[in-house]
Each structure stands twice: as C-alpha cells, then as structure tokens.
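A.B. asks:
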Amino acid sequence: MSKYVCDVCGWEYDPQAGDPDNGIAPGTAFEDLPDDFVCPLCGVDKDSFSKVD
1426 MSKYVCDVCG
1436 WEYDPQAGDP
1446 DNGIAPGTAF
1456 EDLPDDFVCP
1466 LCGVDKDSFS
1476 KVD
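Have a look at this one:
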C-alpha cells in the first residue's frame, strides 16, 4: 500500500497508520477511503492527493 500526500498542504496519508482521529482504521488503502474523504488539515478532496513514490 502506497502513501499519498496532499498537494495543497503536504499532509501525508499512511495506510499503515490510517487516520483513527477521523474514523479511518489502520491498514486502509488510500483507494479504499470513502469518496467523501477530505484532508484533515486543509479540507481538500481525494483528487488533490498524489502518490508518494
């Protein structure tokens, strides 16, 4: 599972950690996040994230 970074603010989504503060369990792939997921720091949607190589 790949990490993704917000293009606007730089917040990184790590699927191994998830985002428990926002109800996303550890082990949840970015592709499996709900369609209404937004960056917890700046509020942009999933389309504003890029895969980290």
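Okay, so the sequence shown: first residue is 1426 according to this note's numbering, each after it adds one.
Glycine included, each C-beta is placed from N, C-alpha and C at the ideal position.
Here the structure is a predicted model, which is why all the values come from computation and not from measurement.
Which value, in whole angstroms, describes the spacing of the CA atoms of Ser1475 and Cys1467?
C.D. replies: Position 50 of the sequence shown holds residue 1475. Position 42 of the sequence shown holds residue 1467. Cα to Cα, Ser1475 sits roughly 15 Å from Cys1467.
A.B. asks: Please tell me whether Asp1444 and Tyr1438 are closer than 9 Å, where the distance is taken between their beta carbons.
C.D. replies: As a first step, residue 1444 is located in the sequence shown; it is residue number 19 there, counting from the start. As a first step, residue 1438 is located in the sequence shown; it is residue number 13 there, counting from the start. Yes, the Cβ-Cβ distance between Asp1444 and Tyr1438 is below 9 Å.
A.B. asks: If Pro1465 sits next to Ala1454, beta carbons under 8 Å apart, how far is it from one beta carbon to the other, in whole angstroms?
C.D. replies: Numbered from its first residue, the sequence shown carries residue 1465 at position 40. Numbered from its first residue, the sequence shown carries residue 1454 at position 29. That pair is no contact at about 17 Å.
A.B. asks: Tell me the rounded alpha-carbon separation between Phe1462 and Asp1470.
C.D. replies: Along the sequence shown, one-based indexing puts residue 1462 at 37. Along the sequence shown, one-based indexing puts residue 1470 at 45. Computed Cα separation, rounded: 6 Å.
A.B. asks: How many angstroms separate the CA atom of Asp1460 from the CA atom of Asp1478?
C.D. replies: Along the sequence shown, read from residue 1 onward, the residue named residue 1460 stands at position 35. Along the sequence shown, read from residue 1 onward, the residue named residue 1478 stands at position 53. Asp1460 and Asp1478: Cα-Cα distance of roughly 23 Å.
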